[in-house]
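Report on the structure given below.
Numbering (the numbering used here), first residue to last: 3 to 236.
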């Protein structure tokens, strides 16, 4: 196995679930009582913007009641101490990685605490309620803000940066992901194609487990800190 210098880490809903963040999609296929088609597509927003804005306002408000867990803190420690390249890619729209202190971080599916203005095209940090139809912090225009969330049918953010990092990495690690949502579900094969070692940490085997060199099953709050400490000692 080649020496590990460059690392790409992908995190999904499983890492934040241990902090009490509800996973959007439940076992019945609903996103907290709503059909995906009603709250997570551009068509849904065009059809019923009030419902969509309120849905994400509620998700944003709940962030105040959760905090980063041991897995988030361990990845922030790795970010701080790792001397090689590192990119933490999260599918999560919460800000727990940010609050834990991770800096080499990209949110590929957007952020709850951000709003995107259709008037000026700018994205701004946002803490209030979009359902109240506030003015854009950048252009002061009303009626243009939407959640800065990548909905189904839209292109995830930072894909050029992610793909370049996958091509250079020596180790790809997936934590708390289902392996069902693309393009993230294909990252393991991209990294493996370029010769990277691949590791999965999850409560249960994901849909893409067969593509990993190694799988560890258990809670992220237990597995991730142990893995980080071992990696930093090598």
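C-beta atoms are modelled at their ideal positions from N, C-alpha and C, and glycine is treated no differently.
| Query | Result |
| --- | --- |
| Environment of residue 162 [buried if 16+ CB atoms lie within 10 Å] | exposed |
| Residues bridged to residue 149 (per DSSP) | 117 |
| Same chain only: Cβ atoms within 6 Å of residue 118, ignoring 5 sequence neighbours per side | 125, 148, 150 |
| Per-residue burial, residue 128 [other beta carbons within 10 Å of its own, 16 or more giving buried] | buried |
| 4-residue-minimum alpha helix (DSSP H) runs that sit fully inside the segment 64 to 152, ordered along the chain | 72 to 83, 98 to 102 |
| Supposed contact pair residue 214 and residue 201 - C-beta distance, whole angstroms, cut 8 Å | 6 Å |
| Length at least 4, wholly inside the segment 156 to 191: the alpha helix (DSSP H) runs in chain order | 161 to 170 |
| Rounded C-alpha distance that separates residue 230 from residue 80 | 6 Å |
| The segment 166 to 180 touching the segment 5 to 17, judged by at least three CB pairs closer than 8 Å | yes |
| Three-way DSSP call (helix, strand, coil) for residue 62 in this model | helix |
| DSSP three-state assignment for residue 12, whether helix, strand or coil | strand |
| Distance between residue 55 and residue 203 (C-alpha atoms, nearest Å) | 33 Å |
| For residue 23 and residue 113, the rounded distance between their alpha carbons | 14 Å |
| Residue 49: first and last residue of the uninterrupted alpha helix (DSSP H) it sits in | 44 to 49 |
| Limits of the alpha helix (DSSP H) - the one that residue 225 falls within | 222 to 235 |
| Cβ neighbour criterion (16 or more within 10 Å) applied to residue 110 | buried |
| With 16 other Cβ atoms within 10 Å as the buried cut-off, status of residue 98 | buried |
| is_contact[residue 195, chain E] using C-beta, thresh 8 Å | The structure shown has no chain E; it contains just one protein chain. |
| Nearest neighbour of residue 19, chosen from 73, 78, 43 [CA to CA] | 73 |
| As assigned by DSSP and simplified to three states, the class of residue 53 | helix |
| Straight-line Cα distance separating residue 191 from residue 236 | 26 Å |
| Nearest residue (CA-CA) to residue 134, options 172, 53, 107 | 53 |
| Option nearest residue 82 by Cα separation, candidates 36, 37, 195, 100 | 100 |
| Element boundaries [beta strand (DSSP E), containing residue 216] | 216 to 219 |
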